[in-house]
Amino acid sequence: MGVNAAYAGREYPASEPYLVGREHLREFAGTVGAEHPAHHDVDAARALGHRDVVAAPTFAVVLAQRAEAQLIGDPEAGIDFSRVVHADERFTHHRPVCAGDELVTTLHVDSITERAGLSMVTTRCEITDTQGSAVATVRSTLAVRGEGS
Amino acid sequence: MSAPRLDDVHVGDVVGTRRIEVDRARLVRYAGASGDLNPIHWNERVAADVGLPGVIAHGMFTMGAAVGLVTDWAGDPGAVVDYGVRFTRPVPVPDPGAAVLDVTATVGAVDVEAGTVRVDLTVTLGTVKVLGKAQVVVRLAR
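Those protein sequences? They're chains V and W, same order as listed. So the first sequence is numbered by full-length UniProt numbering: it starts at 1 and just counts up by one. So the second sequence is numbered by full-length UniProt numbering: it starts at 1 and just counts up by one.
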């Protein structure tokens, strides 16, 4: 069974709010070697005008991945994870993510296309605060190999 | 180091270079911090079963690690307004040892009206480019 093209255009319900923790931002930044003081030191972040420590530019993947699991973990979608390669990823930040943010993620399946034996599945996560103001957009494409390729 | 000014930045300027060493322990730590627990990033047997040469780094680890020199240069991680990459080649991570990635960041475009600079990243493992079209858009003051 290949990827179910009928999932293209689907929009999932918004997630429960996700509370962004200060220690989580520090740990994530430390793991990717992001040493800028604004990731780690509250005073340094505030000196730059931020409310609290700032997330590394790819931190929003934590939220995106949780949302994408709704699609990838759905057997009806036909995405065999052992055949998946991550093709591309893009973050658009409408404002920086800071510790203390409560964020809501809405997953959209933008397209499912076939290309040379691969199914290209492009998703978009719209991340907002609990008032609905835009925080980040995360676009991701997975390449799923078909059976026998 | 003070933050660069938009007016002082020109296409072709080299923002910086950085070497990143990634070992298995780093991947385990990234798996925990990111929540990406896919075993191909820490389990040799599972990686081999799906046809990989061995454990490979999370593409998202490489993407996350490569941008650090741009945020340091910009002077504020909150200045990154857009960051996109394509994953062109896997990064096998040996055990024992480490994979060594070299990052070069160069100014690719300056948009005075928008107040932004596009920084292009080249990320290589030896001679192999592991990211394609890796572009970071940063907001700078004039």
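The beta carbon of each residue, even a glycine, is placed where N, CA and C say it ideally should be. Note that the structure is predicted; figures quoted are calculated from it, not measured.
Chain-ordered chain W contacts of residue i [CB-CB under 7 Å]
{"i": "G33(V)", "result": "I20, A65, G68"}
{"i": "V62(V)", "result": "S34, G35"}
{"i": "A77(V)", "result": "Correct list: empty, because the minimum Cβ distance to chain W is about 17 Å."}
{"i": "L48(V)", "result": "D76, G78"}
{"i": "V54(V)", "result": "P77, G78"}
Cutoff 8 Å: residue i Cβ touching any chain W Cβ
{"i": "A136(V)", "result": "no"}
{"i": "Q65(V)", "result": "yes"}
{"i": "S82(V)", "result": "yes"}
{"i": "V3(V)", "result": "no"}
{"i": "T58(V)", "result": "yes"}
{"i": "V121(V)", "result": "no"}
{"i": "P17(V)", "result": "no"}
{"i": "V104(V)", "result": "no"}
{"i": "P96(V)", "result": "yes"}
{"i": "G27(V)", "result": "Before going further, note that residue 27(V) is Glu rather than Gly in the sequence given. With 8 Å as the cut-off, E27(V) counts as an interface residue toward chain W."}
Coarse secondary structure for residue i, derived from DSSP in three states
{"i": "L103(V)", "result": "strand"}
{"i": "E16(V)", "result": "coil"}
{"i": "A136(V)", "result": "strand"}
{"i": "L6(W)", "result": "helix"}
{"i": "L125(W)", "result": "strand"}
{"i": "E11(V)", "result": "strand"}
{"i": "A134(W)", "result": "strand"}
{"i": "E126(V)", "result": "strand"}
{"i": "R145(V)", "result": "strand"}
{"i": "L25(V)", "result": "helix"}
Where residue i falls, given that 16 or more other Cβ within 10 Å makes a residue buried
{"i": "D88(V)", "result": "buried"}
{"i": "F81(V)", "result": "exposed"}
{"i": "G33(V)", "result": "buried"}
{"i": "D111(W)", "result": "exposed"}
{"i": "A134(V)", "result": "exposed"}
{"i": "G78(W)", "result": "buried"}
{"i": "L71(V)", "result": "buried"}
{"i": "D41(V)", "result": "exposed"}
{"i": "D101(V)", "result": "buried"}
{"i": "H86(V)", "result": "buried"}
{"i": "D76(W)", "result": "buried"}
{"i": "A3(W)", "result": "exposed"}
Closer than 9 Å at the beta carbon, the chain V residues around residue i
{"i": "R86(W)", "result": "A87, D88, E89, T141"}
Minimum Cβ-Cβ distance from residue i to chain V less than 8 Å
{"i": "V50(W)", "result": "yes"}
{"i": "D82(W)", "result": "yes"}
Beta-carbon neighbours of residue i, restricted to chain W and to distances below 9 Å
{"i": "H40(V)", "result": "Residues of chain W passing the Cβ test: none, with the nearest at roughly 11 Å."}
Beta-carbon neighbours of residue i, restricted to chain V and to distances below 7 Å
{"i": "T71(W)", "result": "A34, H36, P57"}
{"i": "I29(W)", "result": "Checking the sequence shown, residue 29(W) turns out to be Arg, not Ile. Going along chain V in sequence order, the residues near R29(W) (Cβ under 7 Å) are T31."}
Contacts of residue i in chain W (Cβ-Cβ under 8 Å)
{"i": "T92(V)", "result": "V81, D82"}
Contact set between residue i and chain V, taken where Cβ atoms lie within less than 8 Å
{"i": "G59(W)", "result": "H86, E89"}
(Q) Quick check for students: name the residue ranges of the alpha helix (DSSP H) that lie wholly in the UniProt domain "MaoC-like" (12-121) of chain W, counting only runs of 4 or more. (A) 24-34, 44-49, 59-66, 68-74
Q) What runs of the beta strand (DSSP E), each 3 residues or longer, lie entirely inside the segment 27-115 of chain V? A) Scanning the segment 27-115 of chain V for uninterrupted beta strand (DSSP E) segments of 3 residues or longer gives 84-93, 102-115, listed from N- to C-terminal end.
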